[in-house]
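Peer 1: Going by mature numbering (1 follows the signal peptide of the UniProt record, and there is no 0), the letters in the sequence shown line up with residues -21 to -1, 1 to 554, in that order.
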Amino acid sequence: MKKIKILLGALLIIFAFVTCDLSENNGNFTDNFSEKFGNVVARSFTGQIVDINNHPIQNATVKIGSSTVQTDVNGVFIINSADVFEKFAYVTAKKSGYLDGSRSLVPTAGRNNVKIMLLTDTPLQTVQSGVESEVSLPSGTKVNFDGVFTDENGATYTGNVQVSMFHLTSSDENLNNLMPGMLYAENNNGNEVILKTFGMLNVTLRGSAGQKLNIANGYTADITIRIDDSQLASAPITIPLWYFDEVRGYWKQDGVATKVGNNYVGTVSHFSWWNCDAQFPTVRLTTTVVDSNGNPLTNVSVGLLPNGFTYTAYGNTNGSGQVSGLVPANTTMTVSVLDICGNSIYTGTIGPFTSDTILPNIVITSAMATPTVVQGTLLKCDSTNVTNGYVLMQYGATQSIAAVTGGTFSFSTVVCPSDNTFTLQGFDYDNLQTTGTINYTFTSPITNIGVLTACNTITQFISYQVDSNPPVFLLTGLHSGTTPPGGTGAQLYITSTNYFYLSGTTHVPGVYPSTAFQMSSEGIGISSSMPNTLQYNLSSFGAVGQYVDMTVNGTFSNSTGVHTLTVIAHVLRDY
């Protein structure tokens, strides 16, 4: 039986954990469907943004409700007390060069864990407007265009169209992290349903200048989605089509696909994510996994396999040991608990359920596995408590994050028989210092770490802050220097591989107006011709191997208004 691991706190394949925020991501919902989400509540989130190879993505913009932050060098973000709904929260992640990612979940009162995997925005093929064309993948999944496109303003577009396309199969081991939102939807009758996917398709269209395009109003495209081999026998002859609403954070029914050979074929009128899914009525199910002393076990996989379904869906417990989500109503299910190494440590039968249910705690005793609590204190280098940071635990291939706001931290987990070692690394955001990576061995029932002190100073950094938004720290891929003698170009460069660029006409220390410099970063682009009051203070320009130090302060104007900006650069010169 194939197992598909699902997002922390969300069972996403057969059933879904739902989260919805009250931000621009969702808008202020006034329709009847949003009334199912409950009241507005404050919930806290910790998470990580990674690429398709599970490498962390730094400087991705994460938004929950009205709260926006950017990820650090580990791809980690922490958002406290975000305004979401009781039964629905919506998390979005954006980064230049990647397709937008998102996660929806049912938020719990404890700290909610989120992991989102972003796909690179890489064109597969270029087609021409005004000409019928076909773009296909090796699997046979394809799209047929009639050649009529518009930009985001509805204006007709003429020229080359770059097509990015990704087919997400139901058996993809990263399904839970790659798919948008979760498998939760509004059907044509306005009812909430859980989806069972038979395959998803993302198509992104861009013009020659990189602008987003779509199918023109009144026109359509034909999509062909290859059915996973394991689902061919059970795939129905016709199946509803669903598109993902990127504003609201859930799927909506729109059309029908027909089984033709090994594929589903349908017609769509616009592009985002499209999904071929069977639908099921839902109930909300919540359970908590604890040890024999009642301590919650975090990051433990809880699986559910409804009768008649092919795949087990997994969700990981949050910081309170809780997992909550939507499951098919009127169905008997097998529940299982796995340790981090994938060993089964508990199984049982539950259901059927006709209404929302809170299950009794699942208790993991020492006879089943070896639970342990890892606890300690994270201090700044001056021996005071870290109040703005986190501790990262690496155990096998699994990373767990504990936000630190009062010095103390703890992780509750289950130790695998084959591996009893792990590493910790603490981060102090206020002083840009870390503990470095430290190796440890589990002891049971408590692994007492004692005191970690963050005294390893980060050697170079760029930070910037727009208005009252949290500051963004760039810690890796930093470079600075000048154009070599006899060369052409600017006299000063300060750059980061994480999309930060600053250049100027001089490298002589001093205070300069914006006419001498220009800069750009994620969501910011400032040239000397833009209205601004920025001052560039270059305090030092060392030899190669020494520091370049600069600050930027003032205001700038763009299409959204006037903004304040503060930049600090402390970068080793390397050319």
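Each residue gets a CB set at the ideal place from its N, CA and C atoms; glycine is no exception.
Measure the alpha-carbon distance for S345 versus V316 and round it to whole angstroms.
Peer 2: The residue given as residue 345 occupies position 366 in the sequence shown. The residue given as residue 316 occupies position 337 in the sequence shown. Each residue's Cα considered, the two are about 14 Å apart.
Peer 1: In whole angstroms, what is the alpha-carbon distance linking residue 558 and L403?
Peer 2: Nothing can be reported for residue 558, as the shown portion of the chain is limited to -21 through 554.
Peer 1: Are the beta-carbon atoms of I173 and T47 separated by less than 8 Å?
Peer 2: For the purposes of this step, residue 173 is taken as the residue at position 194 of the sequence shown. For the purposes of this step, residue 47 is taken as the residue at position 68 of the sequence shown. It is not a contact, given that the beta carbons lie outside the stated cut-off.
Peer 1: Counting pairs of beta carbons, one from the segment 125 to 140 and one from the segment 193 to 207, are three or more of them closer than 8 Å?
Peer 2: Segments in contact, yes.
Peer 1: Give every residue of the same chain whose Cβ lies closer than 6 Å to the Cβ of P450, excluding the five residues on either side of it in the sequence, and list them in chain order.
Peer 2: Here residue 450 refers to the residue found at position 471 of the sequence shown. So the qualifying residues of the chain are S442 and Q444.
Peer 1: Which whole-angstrom value describes the C-beta separation of F406 and A382, a residue pair presumed to lie in contact below a C-beta threshold of 8 Å?
Peer 2: Numbered from 1 along the sequence shown, position 427 holds the residue referred to as residue 406. Numbered from 1 along the sequence shown, position 403 holds the residue referred to as residue 382. Their Cβ separation, rounded to whole angstroms, is 10 Å, which puts F406 and A382 out of contact at 8 Å.
Peer 1: Do N59 and S112 have their C-beta atoms closer together than 8 Å?
Peer 2: Taking the sequence shown and counting its residues from 1, the one referred to as residue 59 is at position 80. Taking the sequence shown and counting its residues from 1, the one referred to as residue 112 is at position 133. Against a cut-off of 8 Å, the Cβ pair of S112 and N59 comes out as no contact.
Peer 1: Leaving out five residues before and five after R185 in sequence, what residues of the same chain have Cβ atoms less than 7 Å from its Cβ?
Peer 2: On the sequence shown, position 206 is the one that residue 185 refers to. Q141, K191 and L192.
Peer 1: For the beta strand (DSSP E) containing L454, name the first residue and the last one.
Peer 2: Working through the sequence shown from its first residue, we reach residue 454 at position 475. Looking at the DSSP string, L454 is not in any beta strand (DSSP E), and its letter there is neither H nor E.
Peer 1: Quick one: grab the DSSP three-state call for S493.
Peer 2: Start at 1 with the first residue of the sequence shown, and residue 493 comes out as number 514. Three-state result, S493: helix.
Peer 1: Does at least one heavy atom of the ligand ATP sit under 7 Å from the Cβ of A68?
Peer 2: Of the ligands one can find in the structure shown there are none, so the ligand ATP has no counterpart to examine.
Peer 1: Quick check: the Cα distance between residue 570 and L411, rounded to an integer number of angstroms?
Peer 2: This structure leaves residue 570 out entirely; the chain is present only between -21 and 554.
Peer 1: Excluding the 5 residues preceding and the 5 following P339 in the sequence, name in chain order all residues of the same chain whose CB lies nearer than 7 Å to its CB.
Peer 2: Taking the first residue of the sequence shown as position 1, residue 339 is located at position 360. Nothing listed; no residue qualifies.
Peer 1: Taking the alpha-carbon positions, what's the V306 to G160 distance?
Peer 2: Start at 1 with the first residue of the sequence shown, and residue 306 comes out as number 327. Start at 1 with the first residue of the sequence shown, and residue 160 comes out as number 181. Our two residues, V306 and G160, have alpha carbons roughly 16 Å apart in a direct line.
Peer 1: In three-state DSSP terms, what is E3?
Peer 2: Position 24 of the sequence shown, counting from 1, holds the residue named residue 3. With a pLDDT of 42 at E3, under the threshold of 50, the modelled position of that residue is not reliable, and no figure is offered here.
Peer 1: So if DSSP puts Q354 in a beta bridge, which residue, or which two residues, is it bridged to?
Peer 2: In the sequence shown, counting from the first residue as 1, residue 354 sits at position 375. Beta-bridge pairing links Q354 to S389 and N427.
Peer 1: N155 lies in the alpha helix (DSSP H); which residues open and close that run?
Peer 2: As a first step, residue 155 must be located in the sequence shown, where it is residue number 176. Unbroken alpha helix (DSSP H) run through N155: L154 to L157.
Peer 1: Just the Cα atoms here: how many angstroms apart are G460 and Y526?
Peer 2: On the sequence shown, position 481 is the one that residue 460 refers to. On the sequence shown, position 547 is the one that residue 526 refers to. Going by C-alpha positions, G460 is about 10 Å away from Y526.
Peer 1: Please return the same chain residues whose Cβ sits closer than 6 Å to the Cβ of I473, not counting the five positions on each side in sequence.
Peer 2: In the sequence shown, counting from the first residue as 1, residue 473 sits at position 494. So the list reads S459, L481, A548 and V550, once near-sequence residues are dropped.
Peer 1: Give the secondary structure of S209 by DSSP, where H, G and I count as helix, E and B as strand, and everything else as coil.
Peer 2: Walking along the sequence shown from the start, residue 209 turns up at place 230. Three-state DSSP puts S209 in a helix.
Peer 1: Rank A72, H34 and I216 by C-alpha distance to the C-alpha of K42 and give the top, closest one.
Peer 2: Stepping through the sequence shown from its first residue, residue 42 is reached at position 63. The shortest Cα separation from K42 among A72, H34 and I216 belongs to A72.
Peer 1: So, are the CB atoms of V314 and G294 less than 8 Å apart?
Peer 2: Walking along the sequence shown from the start, residue 314 turns up at place 335. Walking along the sequence shown from the start, residue 294 turns up at place 315. No, they are not a contact pair.
Peer 1: If you draw a straight line from the C-alpha of I(-16) to the C-alpha of Y478, how long is it?
Peer 2: Start at 1 with the first residue of the sequence shown, and residue -16 comes out as number 6. Start at 1 with the first residue of the sequence shown, and residue 478 comes out as number 499. Per-residue confidence for I(-16) stands at a pLDDT of 28, beneath the threshold of 50, marking its modelled position as unreliable; the derived number appears in the next sentence. Taking the straight line joining both Cα atoms gives about 31 Å.
Peer 1: Excluding sequence positions up to five away, which residues of its chain have a Cβ less than 7 Å from the Cβ of G386?
Peer 2: Here residue 386 refers to the residue found at position 407 of the sequence shown. So the qualifying residues of the chain are T356, L357, L358, N364 and V365.
Peer 1: Which of helix, strand or coil does DSSP assign to residue 572?
Peer 2: Residue 572 falls outside the range modelled here, since the chain spans only -21 to 554, and no answer is possible.
Peer 1: If you draw a straight line from the alpha carbon of T50 to that of G368, how long is it in whole angstroms?
Peer 2: Working through the sequence shown from its first residue, we reach residue 50 at position 71. Working through the sequence shown from its first residue, we reach residue 368 at position 389. Approximately 13 Å between the Cα atoms of the pair.
Peer 1: Below 8 Å on the Cβ atoms is my guess for V29 versus G44; work out the distance and round it to an integer in Å.
Peer 2: For the purposes of this step, residue 29 is taken as residue 50 along the sequence shown, with counting starting at 1. For the purposes of this step, residue 44 is taken as residue 65 along the sequence shown, with counting starting at 1. No, V29 and G44 are not in contact; Cβ-Cβ is about 23 Å, not under 8 Å.
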